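Below: the structure, in structure tokens.
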Amino acid sequence: MSEKSESCCPPPSGKGGNGKYDLAVIGAGSAGFSAAITAAELGANVALIGHGTIGGTCVNVGCIPSKNLIRATESLHQAKAANRFLGIRGDAEITDWRAVMAQKDEIVTDLRQGKYIDVLPSYNN
88 MSEKSESCCP PPSGKGGNGK YDLAVIGAGS AGFSAAITAA ELGANVALIG
138 HGTIGGTCVN VGCIPSKNLI RATESLHQAK AANRFLGIRG DAEITDWRAV
188 MAQKDEIVTD LRQGKYIDVL PSYNN
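Residue numbers for the sequence shown follow the working numbering, so the first one is 88 and each next one is one higher.
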């Protein structure tokens, strides 16, 4: 998440205009984001506090990218394993590792954008 100056993002002035938050959620990963959205849907003025890239570990460097790479290499393994069956020739190799990594990066970027960044503007409180 990019750092913002105090003048950039003042506290909301809802609930009588007191300019205070009802809840501060620490962590902009999936759990923190879910908690902040739930509280906002219940009418709370919420501050979502995090460091690093929005979406946290799972979206950016954990679950999503690792599973993408695991599935890619599993496909490679399965193709090669087909040779154990008579009449089947499985021939697979990694021809462009940069393309595999670029696809993983694109999936991460799309999910971060669609599930986090694009969702924030709909919660003004």
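Quick reminder that beta carbons are idealized off the backbone N, C-alpha and C, glycines included.
None of these values were measured; they are calculated from a predicted model.
Query, Result
"DSSP three-state assignment for residue 194, whether helix, strand or coil", "helix"
"Beta bridge counterpart(s) of residue 111 as assigned by DSSP", "134"
"Neighbourhood of residue 191 by C-beta, 7 Å cutoff - its chain only, sequence neighbours within 5 removed", "152, 155, 156"
"Rounded distance between the beta-carbons of residue 194 and residue 141, thought under 8 Å", "Residue 141 to residue 194, Cβ: 16 Å. No contact."
"Cβ-based neighbour list, residue 108, same chain, cut-off 7 Å, excluding 5 preceding and 5 following", "98, 132, 133, 134"
"Three-state secondary structure assigned by DSSP to residue 116", "strand"
"is_contact[residue 116, chain B] using C-beta, thresh 8 Å", "In the structure shown, chain B does not exist; there is a single protein chain."
"Residue 201 - DSSP class collapsed to helix/strand/coil", "helix"
"DSSP beta-bridge partners of residue 142", "116"
"Proximity below 8 Å, CB of residue 146 to CB of residue 207", "no"
"Residue 160 - DSSP class collapsed to helix/strand/coil", "helix"
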